[in-house]
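Scroll down for the structure; my scribbles are underneath it.
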Amino acid sequence: MKDVISMRDFSKQEILFILDTADEVKRAIHDKEYDTTQFQKKHHTTVKQLLTDTDIATLFLEKSTRTNYTFRTAATKAGAKVDGFTNPEDTSLGKGETWTDTIEMFAGMGYNGLVMRTTTEGIPRWSSQALEKNHQHVKQQHQLLSQPYTYHRPIILNGGDGTNQHPTQCFLDLMTIREISKVTNQTQNNNTALDNLNIALLNDLRYGRTNASLMSVAHHFNWNLHLAYPPRFGPQPHRLEDLMNNNVQVIDHGTDFIKAMTSSLIAYQSRPQKERVSEGEDLITIANIGRITLQMYQQMGELAPYLLHPLPIDSKTFEEIS
């Protein structure tokens, strides 16, 4: 079983395999014409029993609604047992316990997967390495004492680490983009439906980890990326360098959202992350530049793209989709 920490860890073939499997799960749940015996024969179980005898813990150090509860709901509906926490102050972390001790405790209880969201970049990767080292140590100690030990190191699923990556959101976005592309381009070929698309990445390209995840897979599908953003919210230099090194065509439209959108099949709007910006930022100007309105769509007419947003929308401050 493979950790889901960064989209950089997945080849194009692995991404397509995961999307195909997700599509099979979706059809088995929602498509009345889908022959579920095919699913059962291929996966040796039903959708509702995919994760039977699996224990999942959601360990969230940062606020979340969708990511936390979609993991919990999906795992439960697939037969898993789910536990975890959403506020570190309600755990021994609030007493000074280290993150290492916390995740090692869940591993020692036999959890199969740890879903985590953190404010600090790199914590999921570091957690995976720390747990592997601890697992080998615990296994060795049991062998020295001639005691049985059958637990495996739990896999890590990254629900977002700071401004770095959000791979599970990226898989969801890719699945949605592929479904749109298959209809728009009138193709049923899952292997090519994501290829050669024009994608607009909008608004917070500096701090938004969902944008960063999409950027890190653009080369797999030969995307043309059209960027538009308020000043100081442009992509970080190392991400642009990665795109350049991977021969991804990047068209920077500055603050011209209309131009970026009319050049693309998909417009991926994002929330300006005010929790990551310095005090004194001109939030009103940021909101005015980055807001997408009905009037903009009327102006674009037939050139208007499909509009995606990973949510949440900050309706209070930015209303980035009017």
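Okay, so the sequence shown: first residue is -1 according to the numbering used here, each after it adds one. Where is the CB? At the ideal position from N, CA and C, for every residue including glycine. As the structure is a prediction and not an experimental result, all values here were calculated from the model.
So, residue i versus residue j, is the Cβ gap smaller than 8 Å?
i, j, result
"Y109", "I178", "no"
"I249", "H218", "no"
"R204", "G160", "no"
"G77", "K46", "yes"
"D323", "N188", "Lying before the first or after the last residue shown, residue 323 is absent from the chain, which here runs from -1 to 320."
"I3", "F169", "no"
"N222", "N243", "no"
"A26", "T35", "no"
"D321", "P308", "Absent from the structure is residue 321, since the part of the chain shown begins at -1 and ends at 320."
"T291", "S320", "yes"
"A20", "M173", "yes"
"E318", "R274", "no"
"T117", "L59", "yes"
"I264", "L306", "yes"
"T71", "P310", "no"
Compare the C-beta of residue i with all C-beta atoms of chain C and state if any pair is closer than 8 Å.
i, result
"L306", "Of the protein chains in the structure, only one exists, and it is not chain C."
So residue i packs on residue j, CB below 8 Å; how close in whole Å?
i, j, result
"Y295", "A285", "Wrong, their Cβ atoms sit about 18 Å apart, outside the cutoff."
"A105", "N85", "Rounded, the Cβ-Cβ distance is 21 Å, inconsistent with contact."
"L112", "I101", "6 Å"
"G158", "R115", "5 Å"
"T56", "F69", "6 Å"
"A198", "S262", "4 Å"
"L200", "A128", "With 8 Å as the limit, L200 and A128 do not qualify as a contact, their Cβ atoms being about 37 Å apart."
"Q167", "S211", "7 Å"
"T315", "L281", "6 Å"
"I154", "D1", "5 Å"
"R176", "L192", "5 Å"
"E22", "F37", "6 Å"
"N220", "N194", "5 Å"
Around the C-beta of residue i, are 16 or more other C-beta atoms found within 10 angstroms, so that it is buried, or is it exposed?
i, result
"N66", "buried"
"R151", "buried"
"N245", "exposed"
"N156", "buried"
"Q349", "Nothing in the structure corresponds to residue 349, since the chain is present only between -1 and 320."
"Y266", "buried"
"V181", "exposed"
"Y227", "buried"
"M5", "buried"
"T260", "buried"
"L142", "exposed"
"P270", "buried"
"P165", "buried"
"P235", "exposed"
Tell me, please, which residues DSSP counts as bridged to residue i.
i, result
"Y304", "I264"
"I153", "G111"
"A198", "H224 and A265"
"V248", "L223"
"I290", "I319"
"D159", "T116"
"V2", "L155"
Let me check you understand the geometry: is the CB of residue i closer than 7 Å to at least one non-hydrogen atom of the ligand SAM?
i, result
"D240", "This structure does not include the ligand SAM; it has no bound ligands of any sort."
Output the residue ranges of the alpha helix (DSSP H) runs that lie fully inside the segment 51 to 120 and measure 4 residues or longer, sorted by chain position.
Counting only runs of 4 or more, we get 64 to 75 and 97 to 106.
Starting from the N-terminal side, write out each stretch of the beta strand (DSSP E) that is 3 residues or longer and does not extend beyond the segment 210 to 245.
222 to 226
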